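Data block below; observations after.
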Amino acid sequence: MAFGHRYTGLIERYRDRLPVHDDTRIISLGEGNTPLIRLNNIPRQMGPDVELYVKFEGLNPTGSFKDRGMTMAVTKAVEEGSKAIICASTGNTSAAAAAYAARAGITAFVVIPDGKIAMGKLAQAMMHGSVVIQIEGNFDDGMRLVKQVAAEAPVTLVNSVNPYRLQGQKTAAFEIVEELGRAPDYHCLPVGNAGNITAHWIGYCELSAVSGEHVTEACTFCKGHCRFAGGGNAGQRPKMVGYQASGSAPFLRGAMVDQPDTVATAIRIGHPQSWDVAWKVQNESGGWFDECTDEEILVAQKLLAEQEGVFCEPASAASVAGALRDIRNGRIPEGSSIVCTLTGHGLKDPDTAIAQASRAPIKVAAEITAVTRAILDNMD
Ligand code: F0G
């Protein structure tokens with residue numbers, strides 16, 4: 003990169019492939035451009051030889067992939083003259099909405115399930131000055147309510163049913179293909195509403211298109227905003243694999259789940275908003291949905307933290323938990339390249355992390371013999 007060149011966010015970076023005009027005022031916090039980290043230690047111990055990467059979306063400005071969608075949604079809301087935005091959220095969308103609204107100088111109303119959102123996310127929504135409405139219900143109840151409010155009041159809905167959200171989120175696929183020089187064979191993601199898996203598929207499809215109209219039915223979801231760039235990798239697209247938490251797995255049950263539950267509160271969703279389109283993504287890409295237990299999710303979260311130095315939140319670890327299982331059982335064959343999206347940062351949910359960490363802090367007197375003993379006793 004030449005001297006003096008500032009990275010100013012994904013809309014500037016991919017302006018030609020996003021629905022913005024030359025004079026659109028861009029609301030950005032420098033989101034995107036997240037690291038694609040090749041895992042070393044975990045694959046070495048596993049057996050089958052694979053190329054396994056994690057795309058660490060927890061390193062976005064508010065600590066999750068939601069920033070990719072929110073820069074687009076808030077930019078367009080402001081362009082259309084909106085003075086307020088609203089969302090229902092399990093936490094990350096509310097954090098991103100609050101931050102981008104603050105940046106834009108507009109109001110954010112966020113509707114969250116009482117008691118079921120991670121502490122870091124609540125702190126973000128409060129600190130950025132949004133109006134936080136805690137409902138005695140779950141995310142799906144919140145979604146129903148904000149849709150009703152947005153239909154009647156002058157507020158813009160910024161959940162992933164807002165088509166600009168997926169347009170922003172598709173850029174993660176662009177970054178991956180640029181970095182690897184090709185699409186991976188498999189792309190694994192945690193699935194809640196299934197917006198992000200859909201957005202990635204749209205991104206991969208746009209890149210693989212040489213010319214022409216929509217090459218994926220999922221693209222009809224963009225309501226005509228797609229402009230196919232043609233990345234020169236005609237036809238090559240990954241199989242999209244979505245993992246849900248067992249207690250919140252409507253795609254596995256084949257029907258909506260009314261009382262979803264999981265330690266991975268970010269994906270505690272029983273009525274996915276992108277239900278139909280996600281099935282199309284699965285069919286078109288040749289991928290699949292599967293589920294992970296809470297225990298498998300927490301084991302994967304700890305494995306990433308302890309063996310690779312990567313701290314993601316529980317929901318994010320579902321992608322790695324599922325991928326590792328499918329690599330071991332051969333569903334993902336030896337020799338494959340695999341990208342797992344780590345959707346949010348581990349710092350979002352300190353309570354879950356502390357509750358399951360391998361070592362508790364060792365409390366000793368503030369003197370050299372006690373500290374030395376603690377060190378010697380714990381040498382590996
Ligand atoms: N991972 C994390 C960390 C999330 O916060 C979410 C969704 C997902 C995965 C699932 O993504 O819904 O596109 O399939 N969080 C939303 C929120 C629901 O309100 O923050 P999806």
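Here the sequence shown is numbered in my numbering, starting from 3 and rising by one per residue.
Built from N, CA and C at the ideal position, the CB exists for glycine as well.
On a predicted model such as this, the values are computed, not experimentally measured, just so you know.
Remark: C-beta atoms of E293 and S248 approach each other more closely than 7 Å. The Cβ neighbour count for M72, taken over all protein chains shown within 10 Å, is at least 16; the residue is labelled buried. In the DSSP annotation of this structure, the continuous segment of the alpha helix (DSSP H) that includes H202 starts and ends at 197–210.
Residues of the same chain with a CB within less than 7 Å of the CB of D260, apart from the 5 flanking positions on each side, are G272 in chain order. Unbroken beta strand (DSSP E) stretches of 3 residues or longer found wholly inside the region 315–381: 339–344, given in chain order. If only complete runs of 4 or more residues are kept, the region 46–86 shows the alpha helix (DSSP H) at 68–81, in order along the chain. Here I29 is buried: its Cβ has 16 or more other Cβ atoms, across all protein chains shown, within 10 Å. K57 sits away from V243, with the two beta carbons spaced by 7 Å or more. Apart from the 5 residues on each side of it in sequence, I199 sits with its Cβ closer than 7 Å to the Cβ of L191, V193, M242, G244, A280, V283 in its chain, given in chain order. Contact between A120 and T267 holds: CB atoms are separated by about 6 Å, below the 8 Å threshold. Three or more Cβ pairs closer than 8 Å define a contact, and the region 141–159 falls short of that threshold against the region 28–45. Non-local C-beta neighbours of A185 in its own chain, meaning closer than 8 Å and more than five positions away in sequence, comprise A175, I178, V179, Y206, L209, S210, N235, Q238, R239, P240, ordered along the chain. Non-local C-beta neighbours of Q275 in its own chain, meaning closer than 8 Å and more than five positions away in sequence, comprise M145, N161, S162, V163, N195, A196, G197, ordered along the chain. As the crow flies, the alpha-carbon of A90 is around 10 Å from that of A99.
Contact between Y55 and R40 holds: their C-beta atoms lie close to 5 Å from each other, under 8 Å. The count of Cβ pairs closer than 8 Å, one atom from the region 249–256 and one from the region 127–141, stays below three, leaving the stretches out of contact. T158 and V133 have their C-alpha atoms roughly 14 Å apart. Boundaries for I137: no alpha helix (DSSP H) harbours it, while the beta strand (DSSP E) harbouring it runs 133–137, taken from the DSSP string. Under a 10 Å Cβ-count criterion, L305 is classified as buried, with 16 or more other Cβ atoms of the shown protein chains found around its own Cβ.
If you check the CB distance, E33 and N62 come in under 7 Å.
With a cutoff of 6 Å, N198 counts as near the ligand F0G, since its C-beta is closer than that to a heavy atom of the ligand.
Of the heavy atoms belonging to the ligand F0G, none sits nearer than 6 Å to the Cβ of P252.
The three-state secondary structure of E293, taken from DSSP, is strand. For P186, the three-state secondary structure derived from DSSP is coil.
Per DSSP, F111 is one residue of the beta strand (DSSP E) stretching across 109–115. A distance of 7 Å or more separates the beta carbons of G289 and C314.
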